[in-house]
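The next block holds one structure in the form of structure tokens; read it before the comments.
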Amino acid sequence: MPPISPEETPIPPARPQPPKFAALEPLKLPVFRMLWSTWLIANICMWMNDVAAAWMMTSLTTSPIWVALVQSASTLPVFLLGLPSGALADILDRRRWLVATQFWLAGTAIVLCAAIAMDLMTAPLLLALTFANGIGLALRWPVFSAIVPELVPRPQLPAALGLNGIAMNASRIIGPLTAGMLIASAGSVWVFALNAVLSVASGFVVLRWRREHTPNPLGREKLISAMRVGVQFVWQSQRMRAVLSRITIFFFHSTALLALLPLLARNLKGGGAATFTLLLAAMGAGAIIAVLFLPRLRQALGRDQLVLRGTVLQSLATAVMAFAPNAWVAVPAMFFGGMAWITVANSLSVSAQLALPDWVRARGMSTYQMAIMGASAIGAALWGQVATVTDLRSSLEVAAASGTLLMLAALRWVTDVSGEEADMSPARAGWAAGPPAETPEENGRVVITIEYMIDPARAAAFHLVMHQTRRARLGQGAIGWELLHDIAEPGRYLEEIVDESWTDHLRRFNRATAADMALRERRLAFHIGESPPVVTRYVVKR
908 MPPISPEETP IPPARPQPPK FAALEPLKLP VFRMLWSTWL IANICMWMND
958 VAAAWMMTSL TTSPIWVALV QSASTLPVFL LGLPSGALAD ILDRRRWLVA
1008 TQFWLAGTAI VLCAAIAMDL MTAPLLLALT FANGIGLALR WPVFSAIVPE
1058 LVPRPQLPAA LGLNGIAMNA SRIIGPLTAG MLIASAGSVW VFALNAVLSV
1108 ASGFVVLRWR REHTPNPLGR EKLISAMRVG VQFVWQSQRM RAVLSRITIF
1158 FFHSTALLAL LPLLARNLKG GGAATFTLLL AAMGAGAIIA VLFLPRLRQA
1208 LGRDQLVLRG TVLQSLATAV MAFAPNAWVA VPAMFFGGMA WITVANSLSV
1258 SAQLALPDWV RARGMSTYQM AIMGASAIGA ALWGQVATVT DLRSSLEVAA
1308 ASGTLLMLAA LRWVTDVSGE EADMSPARAG WAAGPPAETP EENGRVVITI
1358 EYMIDPARAA AFHLVMHQTR RARLGQGAIG WELLHDIAEP GRYLEEIVDE
1408 SWTDHLRRFN RATAADMALR ERRLAFHIGE SPPVVTRYVV KR
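Numbering (the numbering used here), first residue to last: 908 to 1449.
What follows is the structure, encoded as structure tokens:
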């Protein structure tokens, strides 16, 4: 073979680079810009409330466990109510539901104002009202998460979620600074009063959004059934299970720093309320800077690489804070901790959004938020208790070391699906072999059988595809699935699917995605019969 001249040497195609300012592209869309502004204000209110409540608790008691329980009270409702609120966000008008949550938060802030003004505030009452505020957050977060993919094209989704991270972390700066100034100059009651005003204003801004709610032609799902299907989808999705394991480990350990930060701020040389605010602002600034570089980081590194490096950086920041003698050391540590926090959270949030079809998006994202808040609530209580039994430094050291070790274990043992992201967009043409249009006269569970004839030599590959089919059927809402093998005829298989009712049977067809259609083609490629697989439907007699 003659040598190849330099001119003939093939040049690999250049890797596509994100456009300049790609992180800000979604803000060109008016509706996204309006709702993003609302999200920013809502998060400012959240941080103002958390800072005022945490600082007020330090004036009511000096016990580390009580101070740490403020964060538990704020986050636990999201863990307890995330699934029902996600189901409601999927089956109700999302715009109206979002408005209702804003008014709930306003009402909670008004009650807080009244309790402080009447000098009735105690540590237990503060926890109870913080818990009530957390209920509003639990109701609001899933619906907003489900709305974002409606507002931006799919390629801009990572940038849109990054901008949500900017809103969260800009609020981490603005909220504590505003709360600190109000607490120092006028008192905590004015923090909660401002929260009430901003929450009401945000509710009226959302009312301007002219989103058209399209009712499901099959009617509204029952709440319990919708919750069951949401849990089934997440459990059957390998990608969601991998995401949830990683986000749980990260927030369980990283929350140690935030939960104990008021006490760390007090213990620093010259520390006080202003130091606490400064540390939160440094963390928020680090997160905002990191978001601007995330598009290029995603080009260079895979998701799990970003998660691991972010976890290591977060652990290092926590370890430094355990030994920081003054703000000169603590502020840079919190800055890099903020960079790590947004890198991990954004990477896993994008992965979760891409793993969810629209019909179950709010339920799926509610489980994601439940994992975050449940891990944060339990972690805050645990690390607070460790600090009570030992000391602050020991608690942070253990959290830093175990966080990195457990993340390494999760990346090694909780595997994700390989290859490209599955296409979760709705199937363009629906199922080619859909159910008959007429509704059966009898009510009851529906049993569907599909008969396949395959080459016995390809049985192992067929079993693998049918294992994926099982996950898909159950993820769409089926309550039972079996694969039966004919002993007398090795090439004959019978797939059996059980649906709760005829309506639920029809819902499964409406939930089909492009990934489901691709799986169907792979399944049918094994069939060697002269006619298509025989589909038979039965109604279970009661």
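Heads up, the beta-carbon is just placed ideally off N, CA and C, and yes, glycines get one too. In this text the structure is predicted, and so the values were computed from the model without any measurement.
Considering just the uninterrupted stretch of the beta strand (DSSP E) at V1289, what are its terminal residues? Here residue 1289 refers to the residue found at position 382 when the sequence shown is read from its first residue. Before going on, a small fix: residue 1289 reads as Leu here, not Val. Careful: L1289 lies outside any beta strand (DSSP E), inside the alpha helix (DSSP H) at R1268 to V1296.
By a C-beta neighbour count over all protein chains shown, 10 Å radius and 16 as the cutoff for buried, is M1025 buried or exposed? Stepping through the sequence shown from its first residue, residue 1025 is reached at position 118. Around the Cβ of M1025, a 10 Å sphere holds fewer than 16 other Cβ atoms; the residue is exposed.
For A1432, is the classification buried or exposed, using 16 other Cβ atoms within 10 angstroms of its Cβ as the cut-off for buried? The residue labelled residue 1432 in the question sits at position 525 within the sequence shown. Exposed, since its Cβ has fewer than 16 Cβ neighbours within 10 Å.
Grab the span of the beta strand (DSSP E) containing V1447 for me, first residue to last. As a position in the sequence shown, residue 1447 is number 540, starting the count at 1. For V1447, no beta strand (DSSP E) encloses it, and the DSSP letter there is neither H nor E.
What is the residue span of the alpha helix (DSSP H) that D957 lies within? Along the sequence shown, read from residue 1 onward, the residue named residue 957 stands at position 50. Annotation: the continuous alpha helix (DSSP H) that includes D957 extends over P937 to L967.
Short Cβ contact (7 Å threshold) for A1288 with Y1275: Within the sequence shown, residue 1288 is the residue found at index 381, counting from 1. Within the sequence shown, residue 1275 is the residue found at index 368, counting from 1. With contacts defined as CB atoms closer than 7 Å, A1288 and Y1275 fail to qualify as a contacting pair.
Quick check: the stretch 1044–1064 against the stretch 983–1001, are there 3 or more CB pairs under 8 Å? In short, these stretches touch, since the Cβ pair count reaches three.
Looking at P1049: is its Cβ nearer than 7 Å to the Cβ of A1103? The residue labelled residue 1049 in the question sits at position 142 within the sequence shown. The residue labelled residue 1103 in the question sits at position 196 within the sequence shown. Their beta carbons are not under 7 Å apart, which means P1049 does not touch A1103 by this criterion.
Please report the straight-line C-alpha distance between I1435 and V1257, rounded to a whole angstrom. Within the sequence shown, residue 1435 is the residue found at index 528, counting from 1. Within the sequence shown, residue 1257 is the residue found at index 350, counting from 1. Going by the C-alpha atoms only, they are around 40 Å apart.
Pick out whichever of S1332, V1293, W1320 and M1277 has its Cα sitting closest to the Cα of D1265. By one-based count along the sequence shown, residue 1265 stands at place 358. Closest option to D1265, Cα to Cα, is S1332.
Could you pull the start and end residues of the alpha helix (DSSP H) that G1193 belongs to? Here residue 1193 refers to the residue found at position 286 of the sequence shown. Membership of G1193 in the alpha helix (DSSP H) is indicated by the continuous run A1180 to A1207.
Report buried or exposed for T1322, applying the criterion of at least 16 other Cβ atoms within 10 angstroms of its Cβ. Position 415 of the sequence shown, counted from the start, is the residue given in the question as residue 1322. Under this definition T1322 is an exposed residue.
Starting from L1391 and walking both ways along the alpha helix (DSSP H), at which residues does that stretch end? Translated into positions along the sequence shown, residue 1391 becomes position 484. No alpha helix (DSSP H) contains L1391, which is instead part of the beta strand (DSSP E) from G1387 to H1392.
What residue from M941, G1094 and A960 has the CA that sits closest to L1032's CA? Within the sequence shown, the letter at position 125 stands for residue 1032. The shortest C-alpha separation from L1032 is found at A960.
What is the DSSP secondary structure of E1057, reduced to helix, strand or coil? Reading the sequence shown from its first residue, position 150 is the one you call residue 1057. Secondary structure of E1057 (DSSP, three-state): helix.
Taking contact to mean at least 3 C-beta pairs separated by less than 8 Å, is the stretch 1293–1307 in contact with the stretch 1176–1193? With a cut-off of 8 Å on Cβ pairs, the stretch 1293–1307 is not in contact with the stretch 1176–1193, counting fewer than three such pairs.
Would you give the residue range spanned by the alpha helix (DSSP H) that E1428 belongs to? On the sequence shown, position 521 is the one that residue 1428 refers to. It spans A1421 to L1431 - the alpha helix (DSSP H) in which E1428 sits, taken as one unbroken run.
With respect to the alpha helix (DSSP H) encompassing R1173, which residues constitute its N-terminal and C-terminal limits? On the sequence shown, residue 1173 is found 266 positions in, with the first residue counted as 1. DSSP places R1173 in the uninterrupted alpha helix (DSSP H) bounded by L1168 to N1174.
Buried or exposed for P1439, going by 16 or more other Cβ atoms inside 10 Å? Position 532 of the sequence shown, counted from the first residue, corresponds to residue 1439. Here P1439 is exposed: its Cβ has fewer than 16 other Cβ atoms, across all protein chains shown, within 10 Å.
Please confirm whether P1273 and G993 have their CB atoms less than 7 Å apart. Counting from 1 along the sequence shown, the entry for residue 1273 is found at position 366. Counting from 1 along the sequence shown, the entry for residue 993 is found at position 86. Correcting the residue identity first, residue 1273 is Ser in this sequence and not Pro. G993 is positioned such that its CB atom lies closer than 7 Å to that of S1273.
So, using beta-carbon positions, are S1144 and L1012 closer together than 7 Å? Residue mapping note: residue 1144 aligns to position 237 of the sequence shown, counting from 1. Residue mapping note: residue 1012 aligns to position 105 of the sequence shown, counting from 1. Cβ atoms of S1144 and L1012: not closer than 7 Å.
If we count the other Cβ atoms within 10 Å of its Cβ and call it buried at 16 or more, is W1248 buried or exposed? Walking along the sequence shown from the start, residue 1248 turns up at place 341. Under this definition W1248 is a buried residue.
I need the straight-line Cα distance from A1237 to R1268, nearest angstrom please. For the purposes of this step, residue 1237 is taken as residue 330 along the sequence shown, with counting starting at 1. For the purposes of this step, residue 1268 is taken as residue 361 along the sequence shown, with counting starting at 1. Our two residues, A1237 and R1268, have alpha carbons roughly 39 Å apart in a direct line.
For D957 and I1090, the rounded distance between their alpha carbons: Position 183 of the sequence shown, counted from the first residue, corresponds to residue 1090. Position 50 of the sequence shown, counted from the first residue, corresponds to residue 957. Pairing I1090 with D957, the inter-Cα distance amounts to about 13 Å.
I'd like the span of the alpha helix (DSSP H) that includes V1321, first residue to last. Translated into positions along the sequence shown, residue 1321 becomes position 414. It is not in any alpha helix (DSSP H) - V1321 carries neither H nor E in the DSSP assignment.
Give the straight-line distance between the Cα atoms of V1141 and N1233, rounded to the nearest whole angstrom. Taking the first residue of the sequence shown as 1, we reach residue 1141 at position 234. Taking the first residue of the sequence shown as 1, we reach residue 1233 at position 326. V1141 and N1233: Cα-Cα distance of roughly 45 Å.
Answer with buried or exposed for T1162, where buried requires no fewer than 16 other C-beta atoms within 10 angstroms of its C-beta. Counted from its first residue, the sequence shown places residue 1162 at position 255. It is buried - the Cβ of T1162 has at least 16 other Cβ atoms within 10 Å.
By Cβ distance below 6 Å, which residues in the same chain neighbour R1378 in space, the five residues on each side in sequence not counted? Sequence index remark: in the sequence shown, residue 1378 carries index 471 (1-based). Hits under 6 Å: Q1143.
Below 8 Å on the Cβ atoms is my contact criterion, and I expect L990 with M1147 to pass it. Report the Cβ-Cβ distance as a whole number of Å. Start at 1 with the first residue of the sequence shown, and residue 990 comes out as number 83. Start at 1 with the first residue of the sequence shown, and residue 1147 comes out as number 240. Contact check for L990 and M1147: beta-carbon distance about 14 Å, past the 8 Å limit, so the pair fails to qualify.
I need the DSSP call for P1397, collapsed to helix, strand or coil. For the purposes of this step, residue 1397 is taken as residue 490 along the sequence shown, with counting starting at 1. Note: P1397 maps to coil in three-state DSSP.
Hey, quick one: how far does the alpha helix (DSSP H) through M1246 stretch, first residue to last? Along the sequence shown, read from residue 1 onward, the residue named residue 1246 stands at position 339. Counting along the chain, the alpha helix (DSSP H) containing M1246 begins and ends at A1234 to L1261.
Helix, strand or coil at V1441 according to DSSP, with G and I counted as helix: By 1-based counting over the sequence shown, the position of residue 1441 is 534. In this structure, V1441 counts as strand in the three-state DSSP scheme.
Taking the continuous beta strand (DSSP E) assigned at M1228, which residues delimit it? The count along the sequence shown starts at 1 and reaches residue 1228 at position 321. First-last for M1228: R1210 to F1230, but that is the alpha helix (DSSP H), not the beta strand (DSSP E).
Alpha carbon to alpha carbon, how far is M1241 from A1166? In the sequence shown, residue 1241 corresponds to position 334, counting from 1. In the sequence shown, residue 1166 corresponds to position 259, counting from 1. Rounded to whole angstroms, M1241 to A1166 spans 13 Å at the Cα level.
In DSSP terms, what I1404 is bridged to: Position 497 of the sequence shown holds residue 1404. Per DSSP, the beta bridge partners of I1404 are I1355 and W1388.
For I1357, the nearest candidate out of V1442, Q1292, F1051 and L1371 (CA to CA): One-based indexing of the sequence shown puts residue 1357 at position 450. Each of V1442, Q1292, F1051 and L1371 was checked against the Cα of I1357, and the nearest Cα belongs to V1442.
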